[in-house]
Amino acid sequence: MFQDAAFIRLYPESGSLVHGHASKTAIEIKNGQGIPIATKGQVLANGTPIVAFQTDLSGSGIISWLPQQNKVYTLQIEDNSRLLVYQFPPVAATGYSLHLKESIIEDTTFQIEIGTPGKSSLHLIAHNYRTSFFSGSQRVLCSGL
Numbered sequence: 013m014f015q016d017a018a019f020i021r022l023y024p025e026s027g028s029l030v031h032g033h034a035s036k037t038a039i040e041i042k043n044g045q046g047i048p049i050a051t052k053g054q055v056l057a058n059g060t061p062i063v064a065f066q067t068d069l070s071g072s073g074i075i076s077w078l079p080q081q082n083k084v085y086t087l088q089i090e091d092n093s094r095l096l097v098y099q100f101p102p103v104a105a106t107g108y109s110l111h112l113k114e115s116i117i118e119d120t121t122f123q124i125e126i127g128t129p130g131k132s133s134l135h136l137i138a139h140n141y142r143t144s145f146f147s148g149s150q151r152v153l154c155s156g157l
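Going from the sequence shown to our numbering is simple: count from 1 and add 12.
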């Protein structure tokens, strides 16, 4: 029974889903024995398809979408004979989110979009637990991404 199930894990890039903030959400799909499943599927909002996704041979993929609060999100995969086992993270009404414009960095420069809950001060530090690469504060004048 569980061998035929599709166990799905979802990982929003900034750790949270925030209403109206663009998100790249990593998806991982495996069967009950932990074997990756390469498939295609869709995210549905209140039963209506909103975005397609595809997983590779390692069972991994990316969903690029705009989460909205007060919607029920479900998944549908091509193999509709499989029982889907997953839970979408809740979509927060407000909050901070981070969004990398490009997932693959070819040099040492990258751009991060920061979604905020409105006018506020933002304090950033970039580090690898050994070295601090950047530290600073910025007054944010607009919200969302």
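Where a beta carbon is used, it is the ideal one built from N, C-alpha and C, also for glycine.
In this text the structure is predicted, and so the values were computed from the model without any measurement.
Q. Which word fits Phe-163, buried or exposed, when buried means at least 16 other C-beta atoms lie within 10 angstroms of its C-beta?
A. Past the boundaries of the shown model lies residue 163; the chain is included only from 13 to 157, so the question cannot be answered.
Q | Residue environment, Val-55, which counts as buried when at least 16 other CB atoms sit within 10 Å | A | Under this definition Val-55 is a buried residue.
Q. How close, in whole Å, do the beta carbons of Ile-49 and Gly-71 come, if the pair is a contact with beta carbons under 8 Å?
A. For a cut-off of 8 Å, the C-beta gap from Ile-49 to Gly-71 is around 5 Å, short enough to register as a contact.
Q: Check whether the Cβ atoms of Leu-110 and Glu-25 sit closer than 8 Å, and answer yes or no.
A: Against a cut-off of 8 Å, the Cβ pair of Glu-25 and Leu-110 comes out as a contact.
Q.
Only counting the same chain, and skipping five residues up and downstream in sequence, which positions put a Cβ closer than 7 Å to that of Arg-94?
A. Around Arg-94: Asp-16, Ala-17, Ala-18.
Q. Curious, which full-length beta strand (DSSP E) runs of at least 3 residues does the stretch 44-86 contain?
A. The qualifying runs are 52-57, 60-66, 72-77.
Q | Buried versus exposed, by CB contacts within 10 Å (16 or more), Tyr-85 | A | Tyr-85 should be labelled buried.
Q) Do you know how far the Cα of Asn-58 is from the Cα of Ser-28? A) Computed Cα separation, rounded: 20 Å.
Q | CB contact flag (Tyr-98, Leu-22, <8 Å) | A | Cβ distance < 8 Å, so Tyr-98 and Leu-22 count as in contact.
Q: Identify every residue that forms a DSSP beta bridge with Arg-94.
A: For Arg-94, DSSP assigns no beta-bridge partner whatsoever.
Q: Using 10 angstroms around the beta-carbon of Ser-53, count the other beta-carbons present and answer buried if the total reaches 16, otherwise exposed.
A: A small correction: the amino acid at residue 53 is Gly; Ser does not occupy that position in the sequence shown. Flag for Gly-53 reads buried.
Q: Would you list the residues sitting across from Gly-129 in a DSSP beta bridge?
A: Going by the sequence as given, residue 129 is Pro instead of Gly. Answer is none; Pro-129 lacks a bridge partner.
Q. How should Gly-127 be labelled, buried or exposed, when 16 other C-beta atoms within 10 angstroms of its C-beta is the threshold for buried?
A. Buried is the call here.
**Q.** Ser-35 beta carbon less than 8 Å from that of Pro-79
**A.** Result yes, Cβ atoms of Pro-79 and Ser-35 sit closer than 8 Å.
Q) Along the chain, where does the beta strand (DSSP E) that runs through Pro-24 open and close? A) Secondary structure note for Pro-24: its beta strand (DSSP E) is the uninterrupted segment 18-24.
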